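Undergrad: Protein chains in written order, with the working numbering: chain A, 1 to 188; chain B, 189 to 760.
The beta-carbon is built from N, C-alpha and C at its ideal position, and this holds for glycine as well.
Note that this is a predicted model, so its numbers are computed, not measured.
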Amino acid sequence: MSEVSRRDVLRNIALSATLGGLSADAAQHVHHAAAEEKKASGVYKPKAFNGHEYRTVGALSEMIIPGAKAAGAAEFIDLLASGNPEFLAIFTGGIAWMDRRVTPNFVDAGKAEQTALLDQIAYRKNDSPELGAGIRFFEWARKMAADAYYTSKAGMEELGYKGNVGMTEFKIPQEAIDWAVKRSPFGG
Amino acid sequence: MAVMQTVRSAKVHDVVVIGSGAGGGTVVQVLAKLGVNVTLIEAGPMLNPAKDFKEHMWPWQVGHRGAGEHAEQYFDRQQWGYFNAPNGYWDIEGEPYTTAPGTEFRWFRSRILGGRTNHYGRISLRFSDYDFKPYSSDGLGTDWPIGYEDLAPYYDKAEAFIGVTGTKEGIQSAPDGVFQPPAAPRVHEILVKKACDKLRIPCIPSRMAIITKPTNGRVACHYCGQCGRGCVTASNYSSSQVQILPAMKTGRVEVIANAMARELITDSRGKVSAVSYIDKATRTEKQIRCRTVVVAASACESARLLLNSKPARHGNGLANGSGVVGKYLTDSVGFGLSGRIPALEGLPRHDSDGFGGMHMYIPWWEFDKKNKAFPRGYHVEIGGGFRMPQVGSFHGSCRRHEGYGAALKTKIKGDYGVTVNLAGRGEMVPNAHTYCEIDPQVVDRFGIPVLRFHYRWSQSEMDQARHMRETFQEIIQTMGGTVLGLANPEREGGGISVGGTIIHELGTVRMGDDPKSSALNRYCQAHEVKNLFVADAAPFVSNPEKNPTLTITALAWRTAEYLAEEMRKGNV
Chain A
1 MSEVSRRDVL RNIALSATLG GLSADAAQHV HHAAAEEKKA SGVYKPKAFN GHEYRTVGAL
61 SEMIIPGAKA AGAAEFIDLL ASGNPEFLAI FTGGIAWMDR RVTPNFVDAG KAEQTALLDQ
121 IAYRKNDSPE LGAGIRFFEW ARKMAADAYY TSKAGMEELG YKGNVGMTEF KIPQEAIDWA
181 VKRSPFGG
Chain B
189 MAVMQTVRSA KVHDVVVIGS GAGGGTVVQV LAKLGVNVTL IEAGPMLNPA KDFKEHMWPW
249 QVGHRGAGEH AEQYFDRQQW GYFNAPNGYW DIEGEPYTTA PGTEFRWFRS RILGGRTNHY
309 GRISLRFSDY DFKPYSSDGL GTDWPIGYED LAPYYDKAEA FIGVTGTKEG IQSAPDGVFQ
369 PPAAPRVHEI LVKKACDKLR IPCIPSRMAI ITKPTNGRVA CHYCGQCGRG CVTASNYSSS
429 QVQILPAMKT GRVEVIANAM ARELITDSRG KVSAVSYIDK ATRTEKQIRC RTVVVAASAC
489 ESARLLLNSK PARHGNGLAN GSGVVGKYLT DSVGFGLSGR IPALEGLPRH DSDGFGGMHM
549 YIPWWEFDKK NKAFPRGYHV EIGGGFRMPQ VGSFHGSCRR HEGYGAALKT KIKGDYGVTV
609 NLAGRGEMVP NAHTYCEIDP QVVDRFGIPV LRFHYRWSQS EMDQARHMRE TFQEIIQTMG
669 GTVLGLANPE REGGGISVGG TIIHELGTVR MGDDPKSSAL NRYCQAHEVK NLFVADAAPF
729 VSNPEKNPTL TITALAWRTA EYLAEEMRKG NV
């Protein structure tokens with residue numbers, strides 16, 4: 001079994017460790033993570049969408065969750081589409097559906113036109129034979145934009161996720177406990 | 189076409205163990221320690237935790253963020269999450285199972301050293317004294333041939349060895365054990381506890397197979413919250429890291445990986461003389477000779493193996509004169525609700541990772557109540573906190589809030605960490621409509637006949653799930669919260685979990701004192717085949733509202749000691 005010490009692992013998590021301080025197994029683990037990270041960076045070339053579609057996915061994601069484009073939403077969605085024809089069809093079909101409802105097309109339309117369309121398809125209450133396909137597509141676009149953003153560094157920072165660093169002793173700040181208890185029915 | 193020849197080994201192995209999960213792993217560990225040579229057969233590959241585990245990785249470190257390169261997670265095709273320990277699936281390509289018309293049942297199988305222990309929830313609850321005597325308690329089901337006092341010493345040994353957190357509470361439904369210090373409760377768990385105090389429901393530190401102080405050469409937990417991904421420091425229990433890999437260092441353990449057991453071969457005296465398995469790499473059949481065999485392939489796989497072992501004298505399957513093999517199948521009753529807790533809105537951000545699981549839980553509290561609305565009981569698992577966001581974390585928020593733009597973003601941020609999930613895990617009473625059998629029409633890719641499942645919840649379980657719903661509503665409301673809805677709508681949409689999805693399937697090769705109504709004796713030794721033992725959850729006579737793994741470990745420990753002693757005496 002690997003002789004990984006807890007301190008090694010805490011350093012490992014932060015990926016700031018010099019590999020010399022780690023056991024062979026832990027070092028391998030760090031290498032593994034770093035290699036994956038490298039693969040995820042660099043200039044991305046669309047594999048599934050054409051230029052227009054790719055631009056649309058980026059702009060639409062950004063309108064749904066501001067910050068999603070910079071967080072890699074278009075790359076993320078394109079990558080998944082390149083590995084799954086059913087998923088690709090949902091997006092190419094949805095984009096074509098939107099493009100036929102604004103001029104010259106969704107991504108090049110004016111802000112007001114874009115917003116008017118989204119205001120229709122962003123709510124199930126507008127469901128109708130005319131809008132149904134758009135509403136269904138927008139649910140996909142929305143959850144994909146959310147996933148892209150909140151699984152990114154920026155999204156996690158915005159939410160305030162503080163974990164994945166490890167602790168030597170598990171402790172919750174007293175101020176957090178007091179904060180919640182005071183606002184609960186048990187606060188009195 | 190060439191006829192494949194079966195490769196037979198000349199060597200006679202002392203003990204062949206089939207399956208490397210909690211049961212098989214424990215048998216290997218105990219026997220190796222007692223100086224017995226063991227050969228372990230595992231249907232999946234070996235495990236290399238440093239390479240195979242994705243602990244501490246961030247979603248953005250992979251292009252697909254954990255959804256899978258083919259977007260599997262969005263289409264329910266990625267069965268267990270990209271970052272989790274590589275351990276198995278509801279569906280394995282080429283290895284189907286079937287269900288009878290009208291049956292909904294899902295069978296989670298694992299094919300890797302350590303099996304499901306690489307990822308499981310680590311919840312480690314002793315069965316209570318009354319759990320072993322269900323028939324004596326309420327006239328339903330069957331009593332175990334052993335009692336709590338028989339297993340207690342093995343619970344002690346298992347807990348001391350693998351490490352289980354907890355506190356001495358003196359609650360009859362949750363017997364105390366040999367405990368490691370628990371982890372402090374998280375904020376939402378403190379609120380649940382206060383609600384429970386008000387409702388006079390117990391809420392106590394969780395009992396998890398996680399070490400909080402250095403134990404047996406393993407370092408203590410570093411509280412990263414990722415037990416499900418597999419732990420590179422082996423600070424939680426998995427049979428692979430804690431039992432089998434260390435036992436291999438004794439030189440007494442040989443592991444044959446990628447070996448799918450096909451059949452047990454018996455000699456003229458009716459004893460098992462060899463194990464036939466498929467070498468997956470070459471798709472050839474091999475046989476290894478053995479003095480004794482311990483079947484620990486998981487409850488249903490173990491039943492399947494016995495039913496598929498059919499020499500002339502065992503028309504019903506091996507060790508199955510009673511006809512009980514495959515019968516008495518149960519899974520836990522599962523039902524979960526989510527609640528939104530306003531007191532958690534805007535909570536100052538902090539690291540709440542901790543264990544990969546709850547720090548507090550609710551043991552069953554109505555065990556001595558007369559005239560209950562349903563037989564038996566359940567415990568409650570608590571979820572919540574600031575978890576690492578992942579693919580899917582906010583699908584519920586997107587669906588609830590709809591819209592888009594800055595407003596949606598604000599609402600999602602407002603949802604983060606304010607949800608509490610309560611999940612009930614309850615006892616199902618075995619019934620005649622729930623069992624597995626060989627499907628005569630279907631074989632898997634190795635030509636091995638597959639299982640066909642029959643599954644039906646009775647009114648007792650439906651009533652129990654309704655009681656869960658009412659209780660969880662009450663707890664959420666007492667916390668000042670509102671119920672959001674089902675925690676697992678895809679699996680519990682019918683008001684109760686789909687059979688098999690709690691992954692506590694067991695009971696299919698049950699033990700008992702009467703060979704007419706049980707396959708195994710009180711030491712999990714086949715009544716009819718003295719050198720055949722079963723060491724997973726198949727021998728269980730009932731499925732108490734406690735996650736089965738700790739009892740699998742304790743029972744396997746007892747079985748292994750008995751086996752070693754019988755070998756020493758020359759009885760097997």
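Taking the runs of the alpha helix (DSSP H) that are 4 residues or longer, which of them lie wholly in the stretch 670 to 721 of chain B?
TA: Runs of the alpha helix (DSSP H) inside the stretch 670 to 721 of chain B: 677 to 680.
Undergrad: Going by beta-carbon coordinates alone, are residue 624(B) and residue 450(B) separated by less than 9 Å?
TA: Against a cut-off of 9 Å, the Cβ pair of residue 450(B) and residue 624(B) comes out as no contact.
Undergrad: Leaving out the 5 sequence neighbours to the left and right, which residues in its chain are closer than 7 Å to residue 710(B) when beta-carbon positions are compared?
TA: Around residue 710(B): 333, 334, 699, 701.
Undergrad: Taking CB distances under 9 Å as the criterion, tell me whether residue 54(A) reaches chain B.
TA: No, no contact with chain B.
Undergrad: At 4 residues or longer, what runs of the alpha helix (DSSP H) sit wholly inside the stretch 126 to 174 of chain A?
TA: Whole alpha helix (DSSP H) segments, 4+ residues: 132 to 150, 153 to 159.
Undergrad: Does DSSP put residue 750(B) in a helix, in a strand, or in coil?
TA: The answer is helix: DSSP assigns residue 750(B) an H, G or I state.
Undergrad: Quick one: residues in its chain with C-beta nearer than 7 Å to the C-beta of residue 487(B), no 5 flanking neighbours on either side, listed in chain order?
TA: So the qualifying residues of the chain are 693, 694, 695, 696, 724, 725, 726.
Undergrad: Since residue 462(B) and residue 475(B) are thought to touch, with beta carbons under 8 Å apart, how far apart are those beta carbons, to the nearest angstrom?
TA: Going by Cβ atoms, the distance from residue 462(B) to residue 475(B) rounds to 5 Å, so yes, they are a contact pair.
Undergrad: Listed in chain order, which residues of the stretch 375 to 390 of chain B have Cβ atoms closer than 9 Å to some Cβ of chain A?
TA: Answer set for the stretch 375 to 390 of chain B: 375, 376, 378, 379, 382, 383, 385, 386.
Undergrad: If you scan the stretch 415 to 440 of chain B from start to end, which runs of the alpha helix (DSSP H) of 4 or more residues do you find wholly inside it?
TA: For the stretch 415 to 440 of chain B, whole alpha helix (DSSP H) runs of length 4 or above, ordered along the chain, are 433 to 436.
Undergrad: Does any CB atom of chain B fall closer than 9 Å to the CB of residue 165(A)?
TA: For residue 165(A), the answer is yes, since a Cβ of chain B falls inside 9 Å of its Cβ.
Undergrad: What's the C-alpha gap between residue 198(B) and residue 510(B)?
TA: Taking the straight line from one Cα to the other gives about 34 Å.
Undergrad: Counting only beta-carbon separations shorter than 9 Å, does residue 187(A) have a partner in chain B?
TA: With 9 Å as the cut-off, residue 187(A) counts as an interface residue toward chain B.
Undergrad: With DSSP collapsed to three states, give me the class of residue 327(B).
TA: If DSSP states are grouped into helix, strand and coil, residue 327(B) belongs with coil.
Undergrad: Checking the sheet assignment: what are the DSSP bridge partners for residue 612(B)?
TA: In DSSP, residue 612(B) forms a bridge with 523(B), 568(B).
Undergrad: Per the contact definition of three or more C-beta pairs closer than 8 Å, is the stretch 78 to 97 of chain A in contact with the stretch 61 to 69 of chain A?
TA: The stretch 61 to 69 of chain A, when compared against the stretch 78 to 97 of chain A, does not touch it at the 8 Å Cβ threshold.
Undergrad: Find the residues of chain B that neighbour residue 95(A), judging by a C-beta separation of less than 7 Å, and give them in chain order.
TA: The contacting residues do not exist; residue 95(A) stays about 16 Å from chain B at best.
Undergrad: Per the DSSP calculation, residue 452(B) is bridged to which residue(s)?
TA: Note: residue 452(B) sits in a beta bridge opposite 463(B).
Undergrad: Are the CB atoms of residue 542(B) and residue 413(B) within a distance shorter than 9 Å?
TA: In contact: residue 413(B) and residue 542(B) (Cβ atoms closer than 9 Å).
Undergrad: Got a sec? Which residues, its chain only, sit under 6 Å from residue 21(A) by beta carbon, not counting five neighbours each side?
TA: Because the pLDDT at residue 21(A) is just 33, under 50, the model does not fix this residue reliably, and the value given afterwards should be weighed accordingly. Cβ within range, chain order: n/a, list empty.
Undergrad: Against residue 162(A), what residues of chain B qualify as contacts under a CB-to-CB distance less than 9 Å, listed in chain order?
TA: Per Cβ cutoff of 9 Å: 537, 538, 539, 540, 541, 574.
Undergrad: Residue 399(B) by DSSP, collapsed to three states: which one?
TA: In the structure shown, residue 399(B) sits in coil (DSSP, three-state: anything other than H, G, I, E or B).
Undergrad: Can you tell me where the beta strand (DSSP E) with residue 203(B) in it begins and where it stops?
TA: Residues 195 to 206.
Undergrad: Less than 7 Å between C-beta atoms, sequence neighbours within five positions excluded: which residues of the same chain meet that for residue 465(B)?
TA: Only 229, 447, 448, 449, 450, 474 meet the Cβ criterion.
Undergrad: Residues in its own chain within less than 6 Å of residue 366(B) by CB, not counting five upstream and five downstream?
TA: Around residue 366(B): 344, 347, 348.
Undergrad: Would DSSP call residue 229(B) helix, strand or coil?
TA: Residue 229(B) falls in the strand class under three-state DSSP.
Undergrad: With a threshold of 16 other CB atoms inside 10 Å of the CB of residue 388(B), please say whether the residue is buried or exposed.
TA: By the neighbour-count rule (16 or more Cβ atoms within 10 Å), residue 388(B) is not buried but exposed.
Undergrad: Using the Cα positions of residue 186(B) and residue 514(B), report the straight-line distance between them to the nearest angstrom.
TA: No statement about residue 186(B) is possible, as the shown extent of chain B runs from 189 to 760 and does not include it.
Undergrad: Need the endpoints of the beta strand (DSSP E) that residue 625(B) sits in, please.
TA: Counting along the chain, the beta strand (DSSP E) containing residue 625(B) begins and ends at 623 to 631.
Undergrad: For the stretch 434 to 442 of chain B and the stretch 225 to 242 of chain B, state whether three or more C-beta atom pairs, one from each stretch, are separated by less than 8 Å.
TA: A contact exists between the stretch 434 to 442 of chain B and the stretch 225 to 242 of chain B.
Undergrad: Below 9 Å between beta carbons is the criterion; list the residues of the stretch 242 to 255 of chain B that meet it against any residue of chain A, in chain order.
TA: Listed by position, the residues of the stretch 242 to 255 of chain B near chain A (Cβ gap below 9 Å) are 242, 243, 244, 245, 246, 247, 248, 249, 250, 251, 252, 253, 254, 255.
Undergrad: By alpha-carbon positions, which one of 303(B), 642(B), 663(B), 339(B) ends up nearest to residue 549(B)?
TA: Ranking the options by Cα distance to residue 549(B), first place goes to 663(B).
Undergrad: For residue 532(B), return the contacting residues in chain A, with the cut-off set at a CB-CB distance below 7 Å.
TA: Correct list: 180.
Undergrad: Between residue 147(A) and chain B, is there a C-beta pair that is closer than 9 Å?
TA: Judged by the 9 Å Cβ criterion, residue 147(A) is in contact with chain B.
Undergrad: Nearest to residue 173(A) by CA position, among 544(B), 679(B), 537(B), 732(B), is which residue?
TA: Among 544(B), 679(B), 537(B), 732(B), the Cα nearest to that of residue 173(A) is on 537(B).
Undergrad: Taking 9 Å as the CB-CB limit, is residue 173(A) close to chain B?
TA: Output row for residue 173(A): interface = yes.
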